[in-house]
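Trainee: I'd like to ask you about the structure that follows.
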Amino acid sequence: MKISNNSVVSLTYDLSVLDENGEKSHVETAGSDNPMVFLYGASGLPDKFEEHLNGLEEGATFSFSLESEEGYGDYDENALVSIPKNVFEVDGAIPDGMLEPGNFIPMADSEGNQMQGQVVDVNDQEVQMDFNHPLAGRTMHFDGKVVSVREATKEELAHGHVHGEHGHHH
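To convert, count from 1 in the sequence shown and add 270; that's my numbering.
Have a look at this one:
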């Protein structure tokens, strides 16, 4: 079966990013013990990522790059935000270890939209948070292999995600 809309895809890959000098730096690996499994066409992954996989079959290998605008967009300086430190208090105190630079903290905006922010810097009054995707502004390079392709079940299509092994569990 070939990868197409509404198919469940399992793949392994190595992800690298290119720095300003064009040097590759390894970011993550999805190996055979923990493959990436997703519902093609409803994954929430960058469209260009899925386009590069379209039509591949089980056992096929792939190697492609996504420029920042094809991935998670350019780095946005306006997504660096200073937030009053007291916003992070729980029962009048900031939990130990929460505000360490590099930590990701789930947040919500005034409309209730969920987002992840990374702690960049902390001073006595404020916490500087970065709400850019960690791969924003980066050229991503993927090398991998298609482990399996199958038709999605009616339930998976209705829910918009994969169920079962390596997928979502209710």
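We put the beta carbon where it would ideally sit given N, CA and C, even for glycine.
Computed from a predicted structure; not experimentally measured.
1) Can at least three beta-carbon pairs, one atom from the stretch 345-354 and one from the stretch 286-300, be found at a separation below 8 Å?
2) Rounded to the nearest angstrom, how far is the Cβ of V390 from that of P371, given a contact under 8 Å?
3) Would you tell me roughly how many angstroms separate the C-alpha atoms of L405 and H322, rounded to the nearest one?
4) What do you get for H440, buried or exposed, if any count of 16 or more other CB atoms within 10 angstroms of its CB means buried?
5) Mind checking whether L427 and N324 have CB atoms under 7 Å apart?
6) Taking the Cβ atom as the reference point for each residue, do K424 and T331 lie within a distance shorter than 7 Å?
7) Please list, in chain order, all residues of the same chain as E327 whose beta carbon is under 8 Å from its beta carbon, the five residues on each side excluded.
8) Which word fits P305, buried or exposed, when buried means at least 16 other C-beta atoms lie within 10 angstroms of its C-beta?
9) Buried or exposed: which applies to V357, given that a residue is buried once 16 or more other Cβ atoms fall within 10 Å of its Cβ?
10) Tell me, which residues are paired with D400 by DSSP?
11) If you drop the 5 nearest sequence neighbours on each side, which residues of the same chain put their C-beta closer than 6 Å to that of S313?
Mentor: Let's see:
1) Not touching, per the Cβ criterion.
2) The beta-carbon separation of V390 and P371, rounded to 6 Å, stays under the 8 Å limit for a contact.
3) Here the alpha carbon of L405 sits roughly 18 Å from the alpha carbon of H322.
4) Its pLDDT being 43, under 50, H440 is placed unreliably in this model, and the value from its coordinates should be taken loosely. With fewer than 16 Cβ atoms within 10 Å of its Cβ, H440 is classed as exposed.
5) Not in contact: L427 and N324 (Cβ atoms no closer than 7 Å).
6) Not in contact: K424 and T331 (Cβ atoms no closer than 7 Å).
7) Annotation for E327: M271, K272, I273, V416, V419 place their beta carbon closer than 8 Å to its own, counting only its chain and skipping 5 residues before and after.
8) P305 is buried by the Cβ-count criterion.
9) With fewer than 16 other Cβ atoms from the protein chains shown falling within 10 Å of its own Cβ, V357 counts as exposed.
10) Answer is L350, Q388.
11) If the five residues before and after S313 are omitted, its C-beta is found closer than 6 Å to no C-beta atom of its own chain.
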